[in-house]
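> Before we start, here is the structure in question, set down as structure tokens.
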Amino acid sequence: MNCSVTKIDKETLRERLQRDLGRDPGMLILAYPYARSWTPIPVSAVQEGWRRVDRNGPISLYVHIPFCRQKCAFCDFLAYYGRPTSEIDEYLALLGDELRMVADMTGRLPVEAVQFGGGTPSLLSPEQMASLMDAITTSFRLTDGAEVALEVFPDKNVTSKFLRGWKQAGVNRLSFGIQTFDDAIKQDMGRPDIASENLALIERAIAVGFSNFNVDLMCGVLNQTMESWMATIDLTLRLKPAHICVFPVSVRHPGTHFYDHRSDLPPMETTRRMYDFAVVRLREVGFQRTTKHDFARPGFEYRYERMIAELAPLVGLGANCINYSKDCIYRNHSDLAKYAATLRQGELPVRAGHVFPEEERPHNYAVRNIEYLRLSGKDFADHFGMSLQTAFGVQIALFEELGLARMAGDDLVLTEAGVYSTSAVKRALFHPSAWERFETMKPEEFIIERGVLHE
Ligand SMILES: C[S@@+](CC[C@H](N)C(=O)[O-])C[C@H]1O[C@@H](n2cnc3c(N)ncnc32)[C@H](O)[C@@H]1O
Ligand code: SF4
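Number 104 in the numbering used here belongs to position 79 of the sequence shown; there are no gaps in the numbering.
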């Protein structure tokens, strides 16, 4: 494909980039362009995006379970808590309806990665998980060796019976939301689990045969010291996980206890030192950093994440989920009542989205690929018929000037500072029209439900 280039003003970009660099180090850009600036999208555009998807290319699938036992002090993900179990059953039935409707539209595409995320998908019993997996394999083709991953809230409710049942249902990767092994800090995070339960659970999981597991850790949280962080890293390594995620805390969105107490968090430089310590320590023991957050032992890269960066299509099932088809992105309703009502009317629960015009496609490609810390000049040229310098000369000059990235041959490679600020780099790669849409919209035009504002 040959694309034209839209020039961006260097000084405007410098101002935006410098503003972003001074922001919250945990800032996550989950979608391009800003989710807030998406507009209502007709079903015909959704259908067209899927019609254009390669029938043989693998896709990934995300299933969102938006229920939790409690609301944690730092969390701004879509999570309803204290809901009766009957509501979870109803939601699972709706997921089944959505799955069938989506598969009617997409056809039985090959799936190489499934992710059950949340919320707390580990609330699902083995029977519920088995019936969801049955529905998925009826509607889609799971490829041989597909990754089937489940996020687990690591408390004592996750028994060996649950673990065995999930494994039998086809789950082959677990991700434990440990955050810290320091019980006092867990309490400040509003987490009811304790370190001894976490350790016992991971031992149970290993005994059941889950060798492919991830541990999520957070740095820069309330009352965390460097010593406490180092002890958490040490204990994590003793468990020999296949993968570790390290998240500097994000407090960008109002509505959390952490946001209200953001001035009490450790200084940004301390959070940075904690992150840097993890990078060095995890490398020493053989982990490879694949993105800012992801550290994998060789052979255990997180496939779901890689597929998203490489623009593989993504079917998102459930409230608030993002979907990517060909040159189209859209998101489901986050409000459970709207999600349910739309499905009950026999319609897809699509809230808003964006169809990429030709001139935005190189930007979308670059924003997604740079997640893996490097943009290949050759791959970019194969897709768009031009070099990275032609497409992003202004951005590259600024990245080099600010020490965020450098050219290595034809490739653009993030420096250590650039890795830490991946999200700021991504925003600098947005098409100027994406900025313009966002900056000229009035707040009442933003597509927001329940204050869920992930960008
Ligand atoms: C989608 S969340 C769900 C995890 C799961 N429900 C749990 O609590 O164990 C995945 C991970 O994102 C990280 N996370 C969530 N909120 C965060 C925040 N405000 N800042 C940084 N990391 C965050 C946590 O490490 C969490 O385990
Ligand atoms: S961190 Fe996990 S368990 Fe806590 S509220 Fe968020 S999604 Fe739920």
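All C-beta atoms in this analysis are idealised placements derived from N, C-alpha and C, irrespective of residue type, glycine included. Note that this is a predicted model, so its numbers are computed, not measured.
1. Can you have a look at M332 and say buried or exposed, based on whether 16 or more other CB atoms are within 10 angstroms of its CB?
2. Please state if the CB of L368 and the CB of A344 are separated by a distance shorter than 8 Å.
3. Alpha carbon to alpha carbon, how far is Q414 from N389?
4. For M299, count neighbouring Cβ atoms within 10 angstroms of its own Cβ and tell me buried if that reaches 16, exposed if not.
5. Could you tell me which uninterrupted beta strand (DSSP E) segments, each at least 3 residues in length, are contained entirely in the stretch 275-362, listed from first to last along the chain?
6. What number of angstroms, rounded off, separates the C-alpha of V177 from the C-alpha of V380?
7. Note down, in chain order, each residue of its chain lying with its Cβ closer than 8 Å to the Cβ of I219, except the 5 sequence neighbours on either side.
8. Within 10 Å of its beta-carbon, does R308 have 16 or more other beta-carbons around it, so buried, or fewer, so exposed?
9. Looking at ligand 1, does it come within less than 7 Å of Q204, judged from the CB to the closest heavy atom?
10. State buried or exposed for E294, treating a residue as buried only when at least 16 other CB atoms are found within 10 Å of its CB.
11. When you compare the CB positions of V375 and V71, do they come within less than 8 Å of one another, or not?
12. Quick one: Cα of D435 to Cα of G443, how far?
13. Should M214 and V183 be called a contact, given that it needs their Cβ atoms to be closer than 8 Å?
14. If I'm right that D45 touches A449 with Cβ under 8 Å, what's the distance once you round it to whole angstroms?
15. Whole angstroms is fine: what's the gap from S69's alpha carbon to F417's?
16. Thinking C-alpha only, which one of L149, G195, E73, F206 is nearest A225?
17. Of all the options D241, G402, R314, which has the alpha carbon lying nearest to the alpha carbon of N223?
18. Out of N394, P146, C97, R189, which one is the CA nearest neighbour of Y116?
19. What is the DSSP secondary structure of R399, reduced to helix, strand or coil?
20. Measuring CB to CB, does R133 end up less than 8 Å from S164?
21. Is the beta carbon of C244 within less than 7 Å of some heavy atom of ligand 2?
22. Please give me, in chain order, every unbroken run of the alpha helix (DSSP H) with length at least 4 that falls completely inside the stretch 397-449.
23. Would you say C270 and D319 are within 8 Å of each other, going by their C-beta atoms?
24. Under 8 Å by Cβ, that's how I've got T131 and W75 pegged, so tell me the actual separation to the nearest angstrom.
25. Pull up the distance between the alpha-carbon of G311 and that of P266, whole angstroms please.
26. Between D289 and the rest of its own chain, which residues show a CB-CB distance below 7 Å, the 5 nearest in sequence each way excluded?
27. Within its chain, find whatever has a CB closer than 7 Å to the CB of D101; leave out the 5 residues flanking it on each side and keep chain order.
28. Is the stretch 147-167 close to the stretch 395-404, with three or more CB pairs under 8 Å?
29. Would DSSP call L119 helix, strand or coil?
30. Under 7 Å: does the beta carbon of A104 sit that close to some heavy atom of ligand 2?
31. Using beta-carbon positions only, say whether L454 and A391 come within less than 8 Å of one another.
32. What would DSSP say about E372, mapped onto helix, strand or coil?
33. Do R328 and E137 have their beta-carbon atoms positioned less than 8 Å apart in this structure?
34. Report the option in G107, S412, F238 whose CA atom is closest to the CA atom of R322.
35. Expressed to the nearest angstrom, what Euclidean distance is found between the alpha-carbon atoms of R287 and P273?
36. Given that a residue counts as buried once 16 or more other Cβ atoms are within 10 Å of its Cβ, and exposed if not, what is E335?
So, from the data block:
1. The residue labelled residue 332 in the question sits at position 307 within the sequence shown. With 16 or more Cβ atoms within 10 Å of its Cβ, M332 is classed as buried.
2. Locating residue 344 in the sequence shown gives position 319, where the first residue counts as 1. Locating residue 368 in the sequence shown gives position 343, where the first residue counts as 1. Result no, Cβ atoms of A344 and L368 do not sit closer than 8 Å.
3. Mapped onto the sequence shown, residue 414 falls at position 389. Mapped onto the sequence shown, residue 389 falls at position 364. Rounded to the nearest angstrom, the two C-alpha atoms are 16 Å apart.
4. Here residue 299 refers to the residue found at position 274 of the sequence shown. Answer is buried; the Cβ neighbour count reaches 16.
5. The qualifying runs are 319-321, 339-342, 347-349, 353-357.
6. Here residue 177 refers to the residue found at position 152 when the sequence shown is read from its first residue. Here residue 380 refers to the residue found at position 355 when the sequence shown is read from its first residue. Straight across, the Cα-Cα distance linking V177 with V380 is about 34 Å.
7. Translated into the one-based positions of the sequence shown, residue 219 becomes position 194. The answer, listed in chain order, is D208, K211.
8. Locating residue 308 in the sequence shown gives position 283, counting from the first residue. That one is exposed.
9. The residue given as residue 204 occupies position 179 in the sequence shown. Residue side-chain check: Q204 places its Cβ nearer than 7 Å to a non-hydrogen atom of ligand 1.
10. Locating residue 294 in the sequence shown gives position 269, counting from the first residue. Under this definition E294 is an exposed residue.
11. Against the sequence shown, residue 375 aligns to sequence position 350. Against the sequence shown, residue 71 aligns to sequence position 46. Yes; because the gap between Cβ atoms is below 8 Å, this pair is in contact.
12. Taking the sequence shown and counting its residues from 1, the one referred to as residue 435 is at position 410. Taking the sequence shown and counting its residues from 1, the one referred to as residue 443 is at position 418. D435 and G443: Cα-Cα distance of roughly 18 Å.
13. Position 189 of the sequence shown, counted from the start, is the residue given in the question as residue 214. Position 158 of the sequence shown, counted from the start, is the residue given in the question as residue 183. Not in contact: M214 and V183 (Cβ atoms no closer than 8 Å).
14. Here the question's residue 45 lines up with position 20 in the sequence shown. Here the question's residue 449 lines up with position 424 in the sequence shown. Right, their Cβ atoms sit about 4 Å apart.
15. Stepping through the sequence shown from its first residue, residue 69 is reached at position 44. Stepping through the sequence shown from its first residue, residue 417 is reached at position 392. Going from the Cα of S69 to the Cα of F417 covers about 33 Å.
16. Numbered from its first residue, the sequence shown carries residue 225 at position 200. When only C-alpha atoms are compared, the closest one is F206.
17. Translated into positions along the sequence shown, residue 223 becomes position 198. For N223, the nearest C-alpha among the options comes from D241.
18. Counting from one through the sequence shown, the residue named residue 116 turns up at place 91. Of the candidates N394, P146, C97, R189, the one whose C-alpha sits nearest the C-alpha of Y116 is P146.
19. The sequence position of residue 399 within the sequence shown is 374, counting from 1. Residue state, collapsed to three classes: strand.
20. Your numbering for residue 133 matches position 108 in the sequence shown. Your numbering for residue 164 matches position 139 in the sequence shown. Yes, the Cβ-Cβ distance between R133 and S164 is below 8 Å.
21. By one-based count along the sequence shown, residue 244 stands at place 219. Taking 7 Å as the cut-off, one finds no heavy atom of ligand 2 near enough to the beta carbon of C244.
22. Within the stretch 397-449, the complete alpha helix (DSSP H) runs of at least 4 residues are 402-409, 413-426, 441-445.
23. Numbered from its first residue, the sequence shown carries residue 270 at position 245. Numbered from its first residue, the sequence shown carries residue 319 at position 294. At the C-beta level, C270 and D319 come within 8 Å of one another.
24. If you number the sequence shown from 1, residue 131 lands on position 106. If you number the sequence shown from 1, residue 75 lands on position 50. The C-beta distance from T131 to W75 rounds to 5 Å, short enough to meet the 8 Å contact threshold.
25. As a position in the sequence shown, residue 311 is number 286, starting the count at 1. As a position in the sequence shown, residue 266 is number 241, starting the count at 1. Rounded to whole angstroms, G311 to P266 spans 12 Å at the Cα level.
26. Position 264 of the sequence shown holds residue 289. The answer, listed in chain order, is L247.
27. Counting from 1 along the sequence shown, the entry for residue 101 is found at position 76. Correct list, in chain order: H278, G280, T281.
28. no
29. By 1-based counting over the sequence shown, the position of residue 119 is 94. Residue state, collapsed to three classes: helix.
30. Translated into the one-based positions of the sequence shown, residue 104 becomes position 79. True, at least one ligand heavy atom lies under 7 Å from that Cβ.
31. For this step, residue 454 is matched to residue 429 along the sequence shown. For this step, residue 391 is matched to residue 366 along the sequence shown. Yes, they are a contact pair.
32. As a working note, residue 372 is residue 347 in the sequence shown. Three-state result, E372: coil.
33. Translated into positions along the sequence shown, residue 137 becomes position 112. Translated into positions along the sequence shown, residue 328 becomes position 303. A Cβ-Cβ contact shorter than 8 Å links E137 with R328.
34. Your numbering for residue 322 matches position 297 in the sequence shown. Ranking G107, S412, F238 by Cα distance to R322 puts F238 first.
35. Position 262 of the sequence shown, counted from the start, is the residue given in the question as residue 287. Position 248 of the sequence shown, counted from the start, is the residue given in the question as residue 273. Using only the alpha carbons, I get a separation of about 13 Å.
36. Position 310 of the sequence shown, counting from 1, holds the residue named residue 335. Exposed: under 16 other Cβ atoms inside 10 Å.
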